[in-house]
Amino acid sequence: MYLCRQDAIAEASAKGFDLGDQAVFVVRQAGRFYAYRNRCPHLGVRLEWLPDRFLDSGNELIMCATHGALFVIETGACVAGPCRGQSLEPVTVSLADGNLYLQPAAGGG
Ligand code: FES
């Protein structure tokens, strides 16, 4: 499923996508893209505090707006906050001709 142009996501920033009943977001860091379901493992709520604002003030970690849990961009692992030790659920994106695509989850859905 087409998401956006690669250059629609600036370095050290993120972008959210609402795709039917599925919400995901993509973070660009050091020229690579990391994507997760937009769902905090603590309470199952959305993560962003404003549209497309998923990162902490230093743009170094993903931050949940509700209780401030912090997640490693590259792995989705929670390193601080009430869900420490849990992880964001990764989704797979691919890049083709400068476009970002969401890959369907294995097993359908
Ligand atoms: S809902 Fe995300 S840290 Fe509590």
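So in UniProt numbering, spot 8 of the sequence shown is number 8, and the numbers just go up one at a time.
No residue lacks a Cβ here, since even glycine has one placed at the ideal position from N, Cα and C.
For residue i, three-class secondary structure by DSSP
i, result
"A65", "coil"
"Q86", "coil"
"D7", "helix"
"D56", "coil"
"R37", "strand"
"A105", "coil"
"V45", "coil"
"D18", "strand"
"V79", "strand"
Outcome for residue i when other beta-carbon atoms lying within 10 angstroms are tallied against a minimum of 16
i, result
"M63", "buried"
"L100", "buried"
"L47", "buried"
"G76", "buried"
"V45", "exposed"
Integer Cβ distance of residue i from residue j, believed to fall under 8 Å
i, j, result
"G85", "C78", "6 Å"
"A23", "G16", "7 Å"
"F25", "A35", "7 Å"
"L102", "L3", "6 Å"
Candidates the options: closest to residue i by CA position
i, options, result
"residue 194", "T75, V27, C40 and P41", "The requested residue 194 does not occur in the structure, where the chain is confined to residues 1 to 109."
"F87", "S57, H42, F33 and G58", "The amino acid at residue 87 is misidentified as Phe; the sequence shows Ser. Of S57, H42, F33 and G58, the residue nearest in Cα terms is H42."
"V93", "D21, G20, A30 and R37", "R37"
"G58", "R46, I73 and A105", "I73"
"A14", "Q6, G20 and D21", "Q6"
"L50", "A80, A105 and A65", "A65"
"C83", "F71, V91 and D18", "F71"
"R29", "R39, D18, E60 and C40", "Per the sequence shown, residue 29 should be read as Gln rather than Arg. If we check each option's Cα against that of Q29, E60 comes out closest."
Beta-bridge partners of residue i, as assigned by DSSP
i, result
"A96", "N99"
"R32", "Q29"
"A12", "Per DSSP, none; premise fails for A12."
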